[in-house]
Structure formats: structure tokens, C-alpha cells
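Chemist:
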Amino acid sequence: MSKIRCAVVGVGYLGRFHAQKYQSIPNAELVGVCDVNSDVSKAVAQELNVTPFFDYRDLFGKVDAVNIAATTNRHFEIAKAFLEQGIHVLVEKPITETVAQAEELIHIAAIHNAKLQVGHLERFNSARLAVDPYLEIPLFIESERLAPFNPRGTDVNVILDLMIHDIDIIQNMVKSPITSIVAQGTPILTKAIDIANARITFENHCVANVTASRISFKTERKTRIFQHNSYISIDYHKKQFAVFKKGNGEMFPGIPDITSVSQEFEKGDALLEEIKAFVNCIEQDSQPLVTGEEGRYALETAEQITALIHNNLTERYAES
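For what it's worth, this note's numbering labels the leading residue of the sequence shown as 6, then goes sequentially.
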């Protein structure tokens, strides 16, 4: 079978890493990279020995699939153009700026029989994948995603920049509709929300407490999951997980034994695994591991959290 012809659109800081990964996938051929900054496109193309493009439309007819790593405000326009050509799309998170745009992309992909995968990278983290056998029915979930301030990524608020990773993971774990959200947050260094907390209640009574901040002295990306008779800890940054379960015996009268399993993954390339999954779903004509619908659902929840915080901020300033 011939290789799947691929290109990366948007090869700035992150997009460059995306392009590099395609060259290590046997069933993919990186035919070019595209960026509106011609110097960037030329530099990355030269590094990878591929053709530089400066207008994504010039890729029509030359590729079977594209990876969109442009800024969020360009996602809809670029993804729509490729999907209408029947070209498969992997688009970075968030899928689009609005839920309406996401729904339109999903519709276009279905009409043109094109795959639409959303780049929720943490789904492919080795530690996250390792806990699947231990997941039952989460009762309470605590997630924290903290990062030092970096001007790159401030084109969106912290909910769309960082928290959306955990929103997607939690919704994928819980698999129950949301019944209520309470949220707080505020801008600190930018005009957008820089720190946010949301308490999400699901129809099955699971509660998730999610915090994201891009104003931190350290990087921390952790999720703690509490279930009946077990506790799971995931550290995405260190690629570690631990599971503590209630045993059958007693360590003291009336106090159950606790058994534990833990593992650290020295190796593991989530970005490579994400791109492999995209290429494989095209080759095998299977459903993407992170679908457009899941990307839309995560964005919808992120929009609701953002709206609640903006309403709270408006009321706070009105009272001051």
C-alpha cells in the first residue's frame, strides 16, 4: 500500500515538532510544510528536506492528510478548506474558536468521508493510557494543570490553552452528561483569564474539580481519581501513575489492607503516538481515537466555564 501523503500547516514552535514526527512513521510521507511566514516555512522545509509552502491552498491535490498547528483563530478556515477537498485533518486543540464552527467541520467531514481528529495530546500520554485497566466508575476527580507564564499560547484564555486537556480527559473517563458547572477565575498578566477553577457535576453523580493556571512557579499536570475501593494518581508531566486498592485482608482490626501498583515511563512520545493514530485511522478506515465530536464536547464545556467566569467578573466589577 502506498504511503499517506501528509503536510503540516503552521510550523512555528509546536508545528515544527509535528513535522519531524511524520518522518519517523513508516506509512506516512511528509511532502511539505506550510507557514504564512516564508522564512519559517523555508527553514523547517530545509531542515526536513521537503517542499516549503506559503499558502495552504497550494497543497490541494498534493496531500491525502494535513496536520493543522496554526493559531486557533485559523483552525476553522484551514480545516474547512481541506475537508471540503476530501483531505483528512488532524487539528490541534481546541478544535475551533466556537462550538458552531466545530459542528460545521464535523458535518463537512462526514459529507466528504474525511477523517477529523482533534489533537488532545494528553490522551496519548503513557501514564494516562496505563490506567485504563483500573478505571471503573469515578466518583470524584481532582485535576491540576499549572505552568509558568509563557507569552506563546496567550492568543486564548487558560481554559482553552490548558484546562481543555483535563476537560477532555475527564469527559472521556466519566462518560456521563454534565448537569452543572460552578466556575471562578481571573486575568493576572494578560487581558484573558489566566487562572481558573471549575467544579463539574455529572448526571451519574461524579464530581470533578479542575484547576488550570499559567501563572505558576512550577509545571504540574496531575489528575487524581477516586473510585469505590480504589484511588488512581496520574502525573502527566513525569509520566507516572499509581493505583491504590482496598485489599481482601486487614492491616489492623477493621482497617483493610491496601495494595498498590505504580510505574514510571522513561520513554513515551505522546505526540508521535497521536500522529501514528491519525495516520493509522486513515489507512485502516477506522474512527479517530479523538473524534471531532469529542473535540466539540470539550470545547462546549470550556465555553460554558469561560462564560460563567466572565459573568462572575462582570458582577464583581459592577459591585466595586
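Built from N, CA and C at the ideal position, the CB exists for glycine as well. All of these numbers come straight from a predicted model, not from anything done at the bench.
1. Checking 7 Å against the spacing of the C-beta atoms, do Ala203 and Ile310 come in under that value?
2. If you follow the beta strand (DSSP E) that Glu108 is part of, which residue opens it and which one closes it?
3. Let me check understanding here. Comparing Cα to Cα, which of Ile92, Arg79, Leu318 lies closest to Thr103?
4. If you follow the beta strand (DSSP E) that Leu134 is part of, which residue opens it and which one closes it?
5. Less than 7 Å separating the beta-carbons of Val161 and Arg219?
6. What beta strand (DSSP E) runs, 3 residues minimum, are completely inside the region 38-83?
7. Determine, using beta carbons only, whether Asp173 and Arg150 come nearer to each other than 7 Å.
8. Quick check on this structure: which residue in Val123, Glu298, Phe65, Arg229 has the alpha carbon closest to the alpha carbon of Glu108?
9. Specify the secondary structure class of Arg128 as computed by DSSP and reduced to three states.
10. Are Phe22 and Cys39 touching if we call contact CB-CB under 7 Å?
11. Spatial neighbours of Ala213 within its chain, please: CB distance less than 6 Å, with the 5 preceding and 5 following residues excluded, ordered by chain position.
12. With distance defined between alpha-carbon atoms, name the residue in Val14, Ile111, Ser131, Gly91 nearest to Ala75.
13. Thr195 by DSSP, collapsed to three states: which one?
14. Count the other CB atoms, across all protein chains shown, that sit within 10 Å of the CB of Ala115; report buried if there are 16 or more and exposed otherwise.
15. Along the chain, where does the beta strand (DSSP E) containing Lys227 start, and where does it finish?
16. Give a yes or no on contact between the region 136-146 and the region 232-240, applying the rule of three or more CB pairs nearer than 8 Å.
17. For Asn118, count neighbouring C-beta atoms within 10 Å of its own C-beta (all shown protein chains included) and say buried if the count is 16 or more, exposed if not.
18. According to the neighbour-count rule (16 or more other Cβ atoms, all chains shown, within 10 Å of its Cβ), is Lys272 buried or exposed?
19. Kindly give me the distance between the Cβ atoms of Ala24 and Val45, rounded to whole angstroms, as I take these residues to be in contact under 8 Å.
20. Whole angstroms are fine: how far does the CA of Val284 sit from the CA of Ile73?
21. Find the nearest neighbour of Phe246 within the set Ala135, Cys286, Glu288, judged by alpha-carbon distance.
22. Is Ala201 closer than 7 Å to Met168 when the C-beta atoms are compared?
23. Kindly indicate which three-state DSSP category Tyr241 falls into: helix, strand or coil?
24. Around the C-beta of Arg62, are 16 or more other C-beta atoms found within 10 angstroms, so that it is buried, or is it exposed?
25. Would you kindly work out how many angstroms separate the C-alpha atoms of His315 and Glu308, rounded to a whole number?
26. Thr306: buried (16+ other C-beta within 10 angstroms of its C-beta) or exposed?
27. Would you list the one or two residues that DSSP bridges to Cys11?
28. So Phe207 is in the beta strand (DSSP E); what residue range does that whole segment cover?
29. By how many angstroms is the C-alpha of Val36 removed from the C-alpha of Cys11?
30. Return the Cβ separation of Pro293 and Gln189 in integer angstroms, given the expectation that the two are a contact with Cβ distance under 8 Å.
31. Opposite Val187 in the DSSP bridges: which residues?
Modeler: The short version:
1. Mapped onto the sequence shown, residue 203 falls at position 198. Mapped onto the sequence shown, residue 310 falls at position 305. In this structure, Ile310 lies closer than 7 Å to Ala203 by Cβ.
2. Along the sequence shown, one-based indexing puts residue 108 at 103. Premise fails: Glu108 lies in the alpha helix (DSSP H), 104-116, not in any beta strand (DSSP E).
3. Translated into positions along the sequence shown, residue 103 becomes position 98. Of the candidates Ile92, Arg79, Leu318, the one whose C-alpha sits nearest the C-alpha of Thr103 is Arg79.
4. Counted from its first residue, the sequence shown places residue 134 at position 129. It is not in any beta strand (DSSP E) - Leu134 instead sits in the alpha helix (DSSP H) that spans 131-135.
5. Start at 1 with the first residue of the sequence shown, and residue 161 comes out as number 156. Start at 1 with the first residue of the sequence shown, and residue 219 comes out as number 214. No, these two residues do not count as a Cβ contact at 7 Å.
6. Unbroken beta strand (DSSP E) runs of no fewer than 3 residues, entirely contained in the region 38-83, are found at 56-58, 70-73, following chain order.
7. In the sequence shown, residue 173 corresponds to position 168, counting from 1. In the sequence shown, residue 150 corresponds to position 145, counting from 1. Not closer than 7 Å, so no.
8. Along the sequence shown, one-based indexing puts residue 108 at 103. When only C-alpha atoms are compared, the closest one is Glu298.
9. Position 123 of the sequence shown, counted from the start, is the residue given in the question as residue 128. Of the three classes helix, strand and coil, the one that applies to Arg128 here is helix, per DSSP.
10. Here residue 22 corresponds to residue number 17 of the sequence shown, with the count starting at 1. Here residue 39 corresponds to residue number 34 of the sequence shown, with the count starting at 1. No.
11. As a first step, residue 213 must be located in the sequence shown, where it is residue number 208. Here Ala213 has Ile146, Ile175, Ile205 as same chain residues with Cβ atoms under 6 Å from its own Cβ, once five neighbours each way along the sequence are excluded.
12. By 1-based counting over the sequence shown, the position of residue 75 is 70. Ranking the options by Cα distance to Ala75, first place goes to Val14.
13. Within the sequence shown, numbered from 1, the residue matching residue 195 stands at position 190. Assigned with DSSP and collapsed to three states, Thr195 falls in coil, not helix or strand.
14. Here residue 115 corresponds to residue number 110 of the sequence shown, with the count starting at 1. In this structure Ala115 is exposed. Its beta-carbon is surrounded by fewer than 16 other beta-carbon atoms within 10 angstroms.
15. Along the sequence shown, one-based indexing puts residue 227 at 222. Run containing Lys227: 225-232, per the beta strand (DSSP E) assignment.
16. Touching, per the Cβ criterion.
17. As a position in the sequence shown, residue 118 is number 113, starting the count at 1. Its Cβ having fewer than 16 others within 10 Å, Asn118 is exposed.
18. Your numbering for residue 272 matches position 267 in the sequence shown. By the 10 Å Cβ count, Lys272 comes out exposed.
19. Indexing the sequence shown from 1 puts residue 24 at position 19. Indexing the sequence shown from 1 puts residue 45 at position 40. Going by Cβ atoms, the distance from Ala24 to Val45 rounds to 11 Å, so no, they are not a contact pair.
20. Here residue 73 is taken as the residue at index 68 of the sequence shown, counted from 1. Here residue 284 is taken as the residue at index 279 of the sequence shown, counted from 1. C-alpha separation (whole angstroms): 14 Å.
21. Locating residue 246 in the sequence shown gives position 241, where the first residue counts as 1. Ranking the options by Cα distance to Phe246, first place goes to Ala135.
22. Residue mapping note: residue 168 aligns to position 163 of the sequence shown, counting from 1. Residue mapping note: residue 201 aligns to position 196 of the sequence shown, counting from 1. Closer than 7 Å, so yes.
23. Residue mapping note: residue 241 aligns to position 236 of the sequence shown, counting from 1. In the three-state scheme derived from DSSP, where H, G and I count as helix and E and B as strand, Tyr241 is classed as coil.
24. Translated into the one-based positions of the sequence shown, residue 62 becomes position 57. Taking all protein chains in view, the Cβ of Arg62 is surrounded by fewer than 16 other Cβ atoms within 10 Å, so the residue is classified as exposed.
25. In the sequence shown, counting from the first residue as 1, residue 315 sits at position 310. In the sequence shown, counting from the first residue as 1, residue 308 sits at position 303. Going by the C-alpha atoms only, they are around 10 Å apart.
26. Walking along the sequence shown from the start, residue 306 turns up at place 301. With 16 or more Cβ atoms within 10 Å of its Cβ, Thr306 is classed as buried.
27. Within the sequence shown, residue 11 is the residue found at index 6, counting from 1. In the DSSP output, where bridge partners are listed per residue, Cys11 has Leu35, Ala70.
28. As a first step, residue 207 must be located in the sequence shown, where it is residue number 202. Segment 200-207, the beta strand (DSSP E) holding Phe207.
29. As a working mapping, residue 11 is identified with position 6 in the sequence shown. As a working mapping, residue 36 is identified with position 31 in the sequence shown. Looking at the backbone, the Cα of Cys11 and that of Val36 are separated by about 6 Å.
30. Locating residue 293 in the sequence shown gives position 288, counting from the first residue. Locating residue 189 in the sequence shown gives position 184, counting from the first residue. By a beta-carbon distance limit of 8 Å, Pro293 does not contact Gln189. Their separation comes to about 34 Å.
31. Here residue 187 corresponds to residue number 182 of the sequence shown, with the count starting at 1. Val187 has Arg204 as its beta-bridge partners, per DSSP.
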